[in-house]
Each structure stands twice: as structure tokens, then as C-alpha cells.
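Asker: In UniProt numbering, the protein residues as written are 1 to 282. Handing you a structure now.
Here it is as C-alpha cells:
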């Protein structure tokens with residue numbers, strides 16, 4: 001008979017017993033947990049240490065900013081004499097306003113590549129010979145690239161220079177090495193420049209001169225622009241520290257989550273073993 005139950009296919013039974021339960025991920029072995037725990041602890045300790053280091057750097061930077069602000073606005077004092085040179089260092093001398101009198105030696109001038117707010121160009125570093133026979137290098141200011149070959153001379157008359165004391169910048173500029181043999185300079189290395197120019201009895205510092213208007217008849221564009229010393233410093237150390245601390249918290253949270261999941265898996269595994277047919281029938 002058409003449509004009878006005898007013509008209908010029998011329902012397909014599941015091959016899995018009704019009592020079967022879905023499989024769950026197995027817990028990690030104790031050895032793996034130990035490895036992950038050690039890794040997490042080391043990562044957290046390292047990230048916290050980096051955050052602490054940035055906090056220390058922030059304190060140092062705040063001290064530097066306060067110190068520089070105090071020094072650049074103080075009345076100028078006489079440039080350190082030769083007797084005081086051995087005791088000079090960045091901590092005791094850098095960015096102090098000083099004054100020095102002497103005669104510029106234009107034929108011993110050196111151009112040092114630089115990038116300022118005015119673009120690419122050169123610092124014009126000219127020796128100043130003082131009355132006691134010593135010499136101090138003076139960064140008269142900045143000229144742009146087109147004027148490197150026609151920098152206005154300082155002139156041979158006795159001049160008084162006001163500016164900031166800066167310690168020598170030995171060796172290199174940013175990713176560039178000074179090449180004294182080819183007279184290519186990327187940092188204001190006092191000793192190297194003095195040796196290249198045949199100068200002696202030279203101060204271990206140089207002076208970043210304040211802005212001076214060009215003399216009558218001088219080309220203003222060829223006259224070095226002084227007063228461009230950077231005395232405002234960025235201070236992002238707090239944000240860096242918070243970043244490191246945040247990463248440490250993320251690692252700690254991930255470790256806590258993993259620990260909770262492993263605990264849950266172990267509890268579930270014990271429950272499955274306790275409710276298995278073998279255990280229920282004794």
C-alpha cells in the first residue's frame with residue numbers, strides 16, 4: 001500500500017551512545033604550567049622594571065628642565081678661566097649664561113652640519129682668542145645651506161660674546177661620524193676641531209652665542225642666526241611608564257585567566273571521572 005509505514009526508511013540512529021558527553025580540552029601538564037608561570041613572572045618583572053626606570057628618568061628629566069630654566073635666565077658670569085677647566089662637566093657647567101671677550105679668528109672657522117627650526121644648514125663655529133692667550137670656540141649661530149660658502153665674517157675687532165656654556169660633543173652627530181681629514185663635521189667636538197685648525201690652549205667647552213644683529217652692510221641672510229639653543233626638552237617618560245605598567249597588567253590578567261581556565265578544566269575532569277559508569281557501579 002502506497003504511503004504505508006513499511007515503505008518509509010527507518011530512522012538513522014546516532015552512532016554515539018546517549019550517555020556520551022562532548023569532549024573538553026585537556027588540562028595542561030604541570031611541566032607546561034610551570035614553564036608558562038615562569039615566563040609570565042619574568043615578563044611581569046621585566047615590564048615593571050622598565051616602568052620603574054621610566055619613572056626614574058622622568059624625575060631626572062624634571063630636574064634637568066628646572067636646572068636649565070634656572071641657568072638660562074640667570075645673569076651672565078665670566079667664562080670659566082683655564083684654572084677652572086679641569087672641574088667643568090655637564091652637571092656643573094652646561095647651559096650657564098657666560099660672557100667672554102676677545103678677538104674672533106675668522107680664518108679658523110668651522111662649519112658643523114645641523115638641522116634647526118629654520119631647516120638644514122650649518123653651525124658657524126669660530127675661535128675667540130682671549131686676552132690671557134686661551135681660546136674658546138664660539139657657535140656664532142646658524143646659516144642655511146645656500147650660504148655655507150659666504151658666511152659673513154665676525155670681524156677682527158675685540159668683541160664681547162654672551163651665550164650659553166656647552167660642553168664638547170665628542171665623536172659623532174646623529175648616525176654620522178666626524179671626518180676631520182675631509183673637514184666634515186656633524187658634532188661640535190672641541191678637541192677634534194681645535195686639532196684640525198691648529199689651535200692650542202683651547203677651553204673644553206664652547207659657547208652657544210645669543211642672537212646678535214648683523215653689522216651695517218652685512219648680508220642678513222649670510223649672518224649667523226644665534227640664540228637657537230634648544231632649552232625646552234620633551235618629557236614623555238610618564239606615558240612610557242604607564243605603557244610598561246599596562247603591559248605588565250595585561251600579562252598578569254592573561255596569566256590569571258589561564259590559571260582559572262586550567263582550574264576549571266581540572267574540576268570538570270574530576271567530575272567526569274566521578275560520574276563515569278565504572279565509578280557508579282563500584
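Positions of the beta carbon are idealized from the N, C-alpha and C atoms, including for glycine.
1) How big is the Cα-Cα spacing for residue 204 and residue 234?
2) Tell me whether the beta-carbon of residue 104 lies closer than 7 Å to the beta-carbon of residue 128.
3) Counting C-beta neighbours from all protein chains within 10 Å, is the total for residue 38 16 or more, i.e. buried, or is it exposed?
4) So, residue 143 versus residue 207, is the Cβ gap smaller than 7 Å?
5) Could you have a look at residue 18 and say whether DSSP puts it in helix, strand or coil?
6) Run through DSSP, which three-state label would residue 187 get?
7) Under the three-state reduction of DSSP, which class applies to residue 133: helix, strand or coil?
8) Spatial neighbours of residue 178 within its chain, please: C-beta separation below 8 Å, excluding the five flanking residues on both sides.
9) Please state the DSSP three-state secondary structure of residue 227.
10) Given 8 Å as the limit, is there contact between the stretch 41-60 and the stretch 239-256, that is, 3 or more CB pairs closer than that?
11) On the DSSP bridge assignment, give the partners of residue 122 in chain order.
12) Throw me the rounded Cβ distance for the residue 73 and residue 133 pair, which I believe falls under 8 Å.
13) Going by other Cβ atoms of all chains shown within 10 Å of its Cβ, with 16 needed for buried, is residue 54 buried or exposed?
14) What residues in its chain sit with their C-beta under 7 Å from that of residue 227, if we drop five residues either side in the sequence?
15) Can you tell me where the beta strand (DSSP E) with residue 198 in it begins and where it stops?
16) With DSSP collapsed to three states, give me the class of residue 222.
17) Whole angstroms are fine: how far does the CA of residue 57 sit from the CA of residue 123?
18) From which residue to which residue does the beta strand (DSSP E) around residue 100 run?
19) How far does the beta strand (DSSP E) with residue 160 in it extend, from its first residue to its last?
20) Rounded to whole angstroms, what is the Cα-Cα separation between residue 146 and residue 120?
21) Sorted by chain position, which residues of the same chain lie with C-beta nearer than 8 Å to residue 75's C-beta, five sequence neighbours on each side aside?
22) Please classify residue 231 as buried or exposed, where buried requires at least 16 neighbouring CB atoms within 10 angstroms.
23) Measuring CB to CB, does residue 84 end up less than 7 Å from residue 100?
24) Below 8 Å on the Cβ atoms is my guess for residue 224 versus residue 140; work out the distance and round it to an integer in Å.
25) Name the two residues that bound the continuous alpha helix (DSSP H) containing residue 243.
26) Please say whether residue 222 and residue 196 have beta carbons closer to each other than 7 Å?
27) Out of 135, 68, 82 and 176, point me to the one whose CA is closest to residue 194's CA.
Answerer: Checking against the coordinates, here is how it stands:
1) Locating residue 204 in the chain shown gives position 204, counting from the first residue. Locating residue 234 in the chain shown gives position 234, counting from the first residue. Using only the alpha carbons, I get a separation of about 27 Å.
2) On the chain shown, residue 104 is found 104 positions in, with the first residue counted as 1. On the chain shown, residue 128 is found 128 positions in, with the first residue counted as 1. Taking 7 Å as the Cβ cut-off, residue 104 and residue 128 qualify as a contacting pair.
3) Within the chain shown, numbered from 1, the residue matching residue 38 stands at position 38. Classification of residue 38: exposed, given that the 10 Å Cβ count is below 16.
4) Reading the chain shown from its first residue, position 143 is the one you call residue 143. Reading the chain shown from its first residue, position 207 is the one you call residue 207. Between residue 143 and residue 207, the gap from beta carbon to beta carbon reaches 7 Å or more.
5) Walking along the chain shown from the start, residue 18 turns up at place 18. Any answer about residue 18 is weak, because its pLDDT of 47 lies below 50 and its placement is not dependable; what the coordinates show is given next. It is coil, neither helix nor strand.
6) As a position in the chain shown, residue 187 is number 187, starting the count at 1. Three-state DSSP puts residue 187 in coil, outside helix and strand.
7) Looking up residue 133 in the chain shown gives position 133. Three-state result, residue 133: coil.
8) Taking the first residue of the chain shown as 1, we reach residue 178 at position 178. Excluding positions up to five away in sequence, the list reads 171, 172, 184, 185, 186, 187, 189 and 192.
9) Taking the first residue of the chain shown as position 1, residue 227 is located at position 227. If DSSP states are grouped into helix, strand and coil, residue 227 belongs with coil.
10) yes
11) Translated into positions along the chain shown, residue 122 becomes position 122. According to DSSP, residue 122 bridges with 113 and 143.
12) The count along the chain shown starts at 1 and reaches residue 73 at position 73. The count along the chain shown starts at 1 and reaches residue 133 at position 133. No, residue 73 and residue 133 are not in contact; Cβ-Cβ is about 32 Å, not under 8 Å.
13) Numbered from its first residue, the chain shown carries residue 54 at position 54. So residue 54 ends up on the buried side.
14) Counted from its first residue, the chain shown places residue 227 at position 227. Within the same chain, residue 227 has close Cβ partners 210 and 211.
15) On the chain shown, position 198 is the one that residue 198 refers to. Boundaries cannot be given for residue 198, as no beta strand (DSSP E) includes it and DSSP labels it neither H nor E.
16) Translated into positions along the chain shown, residue 222 becomes position 222. It is coil, neither helix nor strand.
17) Residue numbering aside, residue 123 sits at position 123 when the chain shown is read from its first letter. Residue numbering aside, residue 57 sits at position 57 when the chain shown is read from its first letter. C-alpha separation (whole angstroms): 30 Å.
18) Position 100 of the chain shown, counting from 1, holds the residue named residue 100. Per DSSP, residue 100 belongs to the beta strand (DSSP E) from 97-104.
19) Numbered from its first residue, the chain shown carries residue 160 at position 160. Taken as a continuous stretch (DSSP letters only), the beta strand (DSSP E) holding residue 160 covers 158-167.
20) Looking up residue 146 in the chain shown gives position 146. Looking up residue 120 in the chain shown gives position 120. Distance between the alpha carbons of residue 146 and residue 120: 10 Å.
21) Translated into the one-based positions of the chain shown, residue 75 becomes position 75. Taken in chain order, the residues that qualify are 97.
22) Against the chain shown, residue 231 aligns to sequence position 231. Per the 10 Å Cβ criterion, exposed.
23) Counting from 1 along the chain shown, the entry for residue 84 is found at position 84. Counting from 1 along the chain shown, the entry for residue 100 is found at position 100. Note that the C-beta distance between residue 84 and residue 100 is not below 7 Å.
24) Position 224 of the chain shown, counted from the first residue, corresponds to residue 224. Position 140 of the chain shown, counted from the first residue, corresponds to residue 140. That belief holds up - the Cβ atoms of residue 224 and residue 140 are roughly 4 Å apart, short of 8 Å.
25) One-based indexing of the chain shown puts residue 243 at position 243. Where residue 243 is concerned, the enclosing alpha helix (DSSP H) stretches over 237-274.
26) Here residue 196 refers to the residue found at position 196 when the chain shown is read from its first residue. Here residue 222 refers to the residue found at position 222 when the chain shown is read from its first residue. No, they are not a contact pair.
27) Within the chain shown, numbered from 1, the residue matching residue 194 stands at position 194. Considering only alpha carbons, the answer is 135.
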